[in-house]
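Report on one structure; see the data block that follows.
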Amino acid sequence: MQKIFVSFLVVVGLAAFVLWRGDFFGGDLLVFDTPSPQSGIDKIDSTKEVFEFESSGLALKVAWIKVADTSKISLHSNLESQRNARTLMEQNKCQNLVSGGFYTKENQPIGLFVTGGESVSKRINSTLFDGIFAVKKDGNLDITTDILDDLRFGLQSGPILLENGQSTELKIKNDAQERRVVVATTEEDQIVFLIFYGKESLIQGPYLADLPGVVLKVEEEIGVEFKDAVNLDGGTASAFYSDDLTISELTLIGSYFCIK
27 MQKIFVSFLV VVGLAAFVLW RGDFFGGDLL VFDTPSPQSG IDKIDSTKEV FEFESSGLAL
87 KVAWIKVADT SKISLHSNLE SQRNARTLME QNKCQNLVSG GFYTKENQPI GLFVTGGESV
147 SKRINSTLFD GIFAVKKDGN LDITTDILDD LRFGLQSGPI LLENGQSTEL KIKNDAQERR
207 VVVATTEEDQ IVFLIFYGKE SLIQGPYLAD LPGVVLKVEE EIGVEFKDAV NLDGGTASAF
267 YSDDLTISEL TLIGSYFCIK
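The opening residue of the sequence shown carries number 27 in our numbering; numbering runs sequentially from there.
Here it is as C-alpha cells:
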C-alpha cells in the first residue's frame with residue numbers, strides 16, 4: 027500500500043497544546059528506588075521486556091504489553107476523579123495500566139470517548155487526532171479513521187502511525203523528542219501497548235515524525251507483525267505500569283486502559 031502523506035496545518039495549535047500541558051521543560055528527571063505514589067516522579071522497577079535502540083541520535087528504550095484477550099481491557103476516564111495512576115491501578119485491581127488519550131484545557135476528552143458502552147463525547151473531524159482505537163461489544167478490535175458503532179469502548183487519538191502494516195509519513199513543525207505511548211494491533215488480532223522513552227532521561231523519546239518508523243523498527247524484537255497503530259497521549263501526561271516496568275506520570279492522565 028502506498029505510504030500516506032499527512033501534512034498538518036494545525037501543528038502550531040499542537041505546539042500550544044503541548045506547551046500549556048507543561049510537556050516542554052529542561053533537565054533530566056530523578057529516578058527514585060521507592061517513590062511516593064503521590065510524587066508523580068518516574069521510576070523503573072525492572073527492565074525484563076525492554077529493548078534499547080537509537081533514533082535521530084537519541085538512545086531510546088521501548089517497553090510493551092501484549093494483550094490477546096480484548097475482554098481483559100477496559101477504558102476509563104480520569105478527568106473527574108483526577109487520581110494518580112498508581113491509585114487507579116490499585117482501586118480497579120488492574121494487573122497493568124496504560125494512560126490513554128488527549129484532553130482539553132477544560133478537562134474534556136478530545137473527540138470520541140466511549141466507556142462501558144456509553145458515549146461520553148462524540149467524534150470530531152481532525153487531521154491530527156485522526157484515529158480511533160476501539161473494541162466492539164462482540165470483542166472485535168480496530169484502529170481506524172472510520173465511524174464505528176456498537177462499541178464497548180472507543181478512544182479518538184492521533185496521529186495514525188501505521189495503516190495496514192504501512193507507515194504514514196508525518197510532517198511536524200516544532201517537533202520535539204518526547205516520551206511516546208502507542209497502541210497497535212497485530213495481524214493475529216493482538217493488542218500491543220508500547221512506551222518509548224529516553225535511556226538517560228525518562229521524559230525524552232522519539233520525534234513524532236519519526237514514530238511510525240520507530241514502531242516498525244521494534245517489530246522483530248517484540249515478535250509481532252503490526253497491522254495498525256495510533257499515537258496516544260505522551261510526555262508528562264503518560265503512565266505505563268506493566269509486570270516489569272513502572273513509569274508514572276508528572277501531570278494528570280485524562281484516561282487509562284485497565285488490563286486485568
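Using N, Cα and C, we set each Cβ at its ideal position, and we do this for glycine too.
Taking only the alpha-carbon atoms, compute the straight-line gap between GLN134 and VAL93 and give it to the nearest angstrom. Their backbone Cα atoms lie some 28 Å apart in a straight line.
Helix, strand or coil for THR96, going by three-state DSSP, please let me know. Collapsing the DSSP output to three states places THR96 in a helix.
Looking only at C-alpha atoms, which of ALA160, LEU234, GLY180 and CYS120 sits nearest to ASN200? Ranked by Cα distance from ASN200, the first of ALA160, LEU234, GLY180 and CYS120 is LEU234.
CB of SER183 within 9 Å of CB of PHE159, strictly: With contacts defined as CB atoms closer than 9 Å, SER183 and PHE159 qualify as a contacting pair.
For GLY239, I'd like the list of residues in its chain whose CB is within less than 7 Å of its CB, leaving aside the five on either flank, ordered along the chain. Excluding positions up to five away in sequence, the list reads SER193.
Just checking my contact of GLU266 with ALA89 at CB under 8 Å: how many whole Å lie between their CB atoms? Note that residue 266 is Phe in the sequence shown here, rather than Glu. In this structure, PHE266 and ALA89 form a Cβ contact; the two beta carbons are roughly 7 Å apart against a cut-off of 8 Å.
Give the straight-line distance between the Cα atoms of THR170 and GLY157, rounded to the nearest whole angstrom. Rounded to whole angstroms, THR170 to GLY157 spans 6 Å at the Cα level.
Grab the span of the beta strand (DSSP E) containing ALA255 for me, first residue to last. Note, ALA255: beta strand (DSSP E), 252–258.
Kindly give me the distance between the Cβ atoms of LEU271 and VAL76, rounded to whole angstroms, as I take these residues to be in contact under 8 Å. 7 Å between Cβ atoms; contact.
Proximity winner among VAL140, LEU242 and GLY143, relative to LEU188 (alpha-carbon distances): Nearest option by C-alpha distance: LEU242.
Beta-carbon separation of HIS102 and ASN118 under 9 Å? For HIS102 and ASN118, yes; Cβs fall inside 9 Å.
Along the chain, where does the alpha helix (DSSP H) that runs through THR153 open and close? First-last for THR153: undefined, no H or E at that position.
Residues in its own chain within less than 6 Å of ASP71 by CB, not counting five upstream and five downstream? Low local confidence applies: a pLDDT of 42 at ASP71 is under 50, so the model's placement there is unreliable, with the coordinate-based value given in what follows. Its chain contains THR272 as the residues whose beta carbon lies nearer than 6 Å to that of ASP71, once the 5 sequence neighbours on both sides are disregarded; these appear in chain order.
Less than 8 Å between the CB atoms is what I'm expecting for THR211 and LEU167, so what's the real figure, rounded? Indeed, because the Cβ distance is near 6 Å, the residues count as touching under 8 Å.
Out of GLU78, GLY126, LYS87 and ASN110, which one is the CA nearest neighbour of SER100? Cα-wise, what sits closest to SER100 is GLY126.
Rounded straight-line distance, which links the Cα of THR96 to that of GLY165: If you take the alpha carbons of GLY165 and THR96, they lie about 6 Å apart.
With a 10 Å radius around its C-beta and 16 neighbouring C-beta atoms as the bar for buried, classify ILE91 as buried or exposed. Classification for ILE91: buried.
Which runs of the alpha helix (DSSP H), 4 residues or longer, sit entirely within the region 107–136? 111–117, all fully within the region 107–136.
How about PHE283 and VAL124: are their beta carbons less than 9 Å apart? In contact: PHE283 and VAL124 (Cβ atoms closer than 9 Å).
Do you know how far the Cα of LEU84 is from the Cα of GLU226? Our two residues, GLU226 and LEU84, have alpha carbons roughly 9 Å apart in a direct line.
Straight-line Cα distance separating PHE155 from THR130: Here the alpha carbons of PHE155 and THR130 stand approximately 13 Å from one another.
Which stretch, first to last residue, makes up the beta strand (DSSP E) that contains LYS197? Counting along the chain, the beta strand (DSSP E) containing LYS197 begins and ends at 192–197.
When you compare each of ALA111, SER147, GLU245 and ILE186 to SER268 by their alpha carbons, which one comes out closest? The residue among ALA111, SER147, GLU245 and ILE186 with its C-alpha nearest the C-alpha of SER268 is ALA111.
In whole angstroms, what separates the C-alpha of ASP259 from that of GLU132? Each residue's alpha carbon lies about 16 Å from the other.
Run the proximity test for LYS199: is its beta-carbon closer than 8 Å to any non-hydrogen atom belonging to the ligand MG? Absence of the ligand MG is noted for the structure shown, with no ligands found whatsoever.
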